[in-house]
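Colleague:
Chains as they are written, first to last, in our numbering: chain A, 360 to 874; chain B, 866 to 1010.
#1: Helix, strand or coil: how does DSSP classify residue 877 (chain B) here?
#2: Count the other CB atoms, across all protein chains shown, that sit within 10 Å of the CB of residue 489 (chain A); report buried if there are 16 or more and exposed otherwise.
#3: Establish whether the CB of residue 925 (chain B) and some CB of chain A are separated by less than 7 Å.
#4: Can you say whether residue 461 (chain A) is buried or exposed, counting buried as having 16 or more other CB atoms within 10 angstroms of its CB?
#5: Should the stretch 714-727 of chain A be regarded as contacting the stretch 523-535 of chain A, the criterion being three or more beta carbon pairs within less than 8 Å?
#6: Give the DSSP-derived three-state secondary structure of residue 871 (chain B) in the structure shown.
#7: Does DSSP put residue 679 (chain A) in a helix, a strand or coil?
#8: Do residue 664 (chain A) and residue 655 (chain A) have their beta-carbon atoms positioned less than 7 Å apart in this structure?
#9: Of the choices A:847, A:855 and A:862, whose alpha-carbon is the least far from that of residue 541 (chain A)?
#10: Give every residue of the same chain whose Cβ lies closer than 6 Å to the Cβ of residue 897 (chain B), excluding the five residues on either side of it in the sequence, and list them in chain order.
#11: Which stretch, first to last residue, makes up the alpha helix (DSSP H) that contains residue 1008 (chain B)?
#12: Would you kindly work out how many angstroms separate the C-alpha atoms of residue 1007 (chain B) and residue 776 (chain A), rounded to a whole number?
#13: Please list, in chain order, all residues of the same chain as residue 1010 (chain B) whose beta carbon is under 7 Å from its beta carbon, the five residues on each side excluded.
#14: Per DSSP, what are the beta-bridge partners of residue 459 (chain A) in this structure?
#15: Where does residue 901 (chain B) sit, in a helix, a strand or coil, going by DSSP?
#16: Give the C-beta separation of residue 949 (chain B) and residue 976 (chain B) to the nearest angstrom, bearing in mind that I take them to be a contact with Cβ-Cβ under 8 Å.
#17: Nearest to residue 951 (chain B) by alpha carbon, out of B:915, B:884 and B:875?
#18: Could one say the Cβ of residue 627 (chain A) lies closer than 7 Å to chain B's Cβ atoms, at least one of them?
#19: Using the beta-carbon of each residue, which ones in chain B are nearer than 8 Å to residue 529 (chain A)?
#20: Can you tell me which of A:703, A:452 and A:611 puts its alpha carbon nearest to the alpha carbon of residue 869 (chain A)?
#21: Is there a Cβ from chain B that is less than 7 Å from the Cβ of residue 712 (chain A)?
#22: Should the stretch 802-818 of chain A be called in touch with the stretch 490-498 of chain A, which here means at least 3 C-beta pairs below 8 Å?
#23: What number of angstroms, rounded off, separates the C-alpha of residue 477 (chain A) from the C-alpha of residue 443 (chain A)?
#24: Whose C-alpha, out of B:914, B:926, B:886 and B:871, is nearest the C-alpha of residue 458 (chain A)?
#25: Going by DSSP in three states, residue 832 (chain A) sits in which element: helix, strand or coil?
#26: I'd like the list of long-range same chain contacts for residue 623 (chain A), defined as Cβ closer than 6 Å, with 5 residues on each side in sequence excluded.
#27: Count the C-beta pairs between the stretch 959-968 of chain B and the stretch 911-930 of chain B that are closer than 8 Å, then say yes if the count reaches three, no if not.
#28: Residue 424 (chain A) lies in the alpha helix (DSSP H); which residues open and close that run?
#29: Which value, in whole angstroms, describes the spacing of the CA atoms of residue 606 (chain A) and residue 435 (chain A)?
#30: Could you compute how far the alpha carbon of residue 509 (chain A) sits from the alpha carbon of residue 843 (chain A)?
#31: Using a beta-carbon distance cut-off of less than 7 Å, what residues from the stretch 778-811 of chain A approach chain B?
#32: Report all residues from its chain with a CB closer than 8 Å to the CB of residue 880 (chain B); omit the five preceding and five following residues, and keep chain order.
#33: Going along chain B in order, which residues have a C-beta closer than 8 Å to the C-beta of residue 695 (chain A)?
#34: Should residue 1000 (chain B) go down as buried or exposed, given a rule of 16 or more other Cβ atoms within 10 Å for buried?
#35: Please say whether residue 689 (chain A) and residue 474 (chain A) have beta carbons closer to each other than 7 Å?
#36: Using the C-alpha atoms, what's the distance from residue 588 (chain A) back to residue 384 (chain A)?
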């Protein structure tokens, strides 16, 4: 099976390398990579984004939102009722001092966030607002709030069913809770589902966790220094990623892990300053968001278009229901898996409800989207809203921040590169865990995956945004198809844990150690 | 009632003098136990990669056994040679907080530590662990130069 899988991945990579020799000389290397890539991934993308018959609504978006709504109701609006408790846990109020030195709740949250906060919040939101208009923000926030319950469910299971090895290391995630949980419930097919999830997780790691990041990092750098071939950025990125994940140069990863939170705070601070300077327009911006959410304000597809974009980009940004966070959170050694689930529900809140909303407000308030003065609707340029500089994706966010603070695009460029890099490192780990689940732990097995991962960095930087973003979305959503299907069976196990935890918390059996 | 003194060691050469002073105090007090503490500097609010998290438990065990073998056990052996009662413990956290917390837990009479061994920029800006301990401790602190 490993051979078949590697062969498929190598085929995609080979097309990028051999393709140019076969193609006409007039085509650039980037254009050829792009064309081949779109052709190879097209059918997979079409299936994932197929509309519900008789509508233009992709079934996958409905799948995610319905699941998040069901988990929200099933767990009695846990994301609102346990929000304060989540903060207490992260502060360490319930942490036993004797466990000091183990991974803390804060560290698990920060690690998972560094995998999600990134380009989805900067480029993804710009795509959502650029196509779906300000109304997409409303649906994005709603999806973020509902998604908190999905995260709670999957991260609780991630800790409960992780593998602990004799040497003290751990491996966890959907592949483990699906196979073990199904076995516990006596439901057949758990192993097959876990394998399917792992395959999609590898594709997701190579797509959204890698190619999309490399692609947007290149877009940002070339926007600053001028246009140049994407494969150059790709090679540089691939070398640095290689140094960290294969060469074990932890110093690079450590510097990134320390700088990324600082950049995140700086990004939010800059957004707050821009919003504060334009505070008189915040009311108008929210008006546009609410009006656009239900009318579309002239965007392609009307309010459904806004809704689809909002839901899609929220899911892509916070990954609730996708299962990736369950891999990141499973490292925490806690006696109560529920605590990790409760902590993880903060992720979609920070990622989507706070940071994504900031980006959207800055784009709207700085007037990047062109409004038709006669109708009051947004003017279209093809299927996208016309923007002041004709920008889209990360360039749109950059232009929005740049219109208020002229030097900010330079800071943003550094932030994007660092965010992209830290997301790649996180996803290389998620992908690796799925890979080792399929093919077993071992140095050679791991090295093969890591080399494939580095090759896809180059392809991602060379391809254009359209095919890359489609494949990235499709691969990540495919993970959610399997994960959520399994969560429906496993959620009763979470409920049992949750009820027991709540009773013990209320009775005072679970005590605070400080505060 | 046995008197407990907390001995904070950091693996540097001043540890010898700290231990000697502790032994002398124990001799003067009579019924006295020295609690030898080594603190692995660690913060629950640091940032780590997923891989580091997955290996954290293993690393923690390694850090504890290394500190025991290199610092705490040799110190306890010296105490035994001198006929002084002693116990050892390794904890993770901030040096000043942990030494103070242990002193409270054990109802210790005082904490004995060495003078700050490094004088880097961070220490100059924010104060060393020793100076933080002196300012925040709930029991008397003796600093050995």
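Cβ coordinates follow ideal geometry from the N, Cα and C atoms, glycine included. The structure presented is a predicted model; accordingly, all values stated were derived computationally and were not measured.
Modeller: In brief:
#1: coil
#2: buried
#3: yes
#4: buried
#5: no
#6: strand
#7: coil
#8: yes
#9: A:847
#10: 868 and 891
#11: No alpha helix (DSSP H) holds residue 1008 (chain B); the beta strand (DSSP E) holding it covers 1006-1009.
#12: 50 Å
#13: 980
#14: A:461
#15: strand
#16: Between residue 976 (chain B) and residue 949 (chain B) the Cβ distance is about 17 Å, and since that is not below 8 Å, they are no contact.
#17: B:884
#18: no
#19: 919 and 922
#20: A:452
#21: no
#22: no
#23: 25 Å
#24: B:926
#25: helix
#26: 476
#27: no
#28: 418-433
#29: 47 Å
#30: 9 Å
#31: 784, 785 and 788
#32: 874, 936, 940 and 979
#33: Residues of chain B passing the Cβ test: none, with the nearest at roughly 16 Å.
#34: exposed
#35: no
#36: Unreliable positioning characterises residue 384 (chain A) in this predicted model, as indicated by a pLDDT of 46, which lies under 50. The coordinate reading is nonetheless provided below. Spanning the two alpha carbons is a distance of roughly 16 Å.
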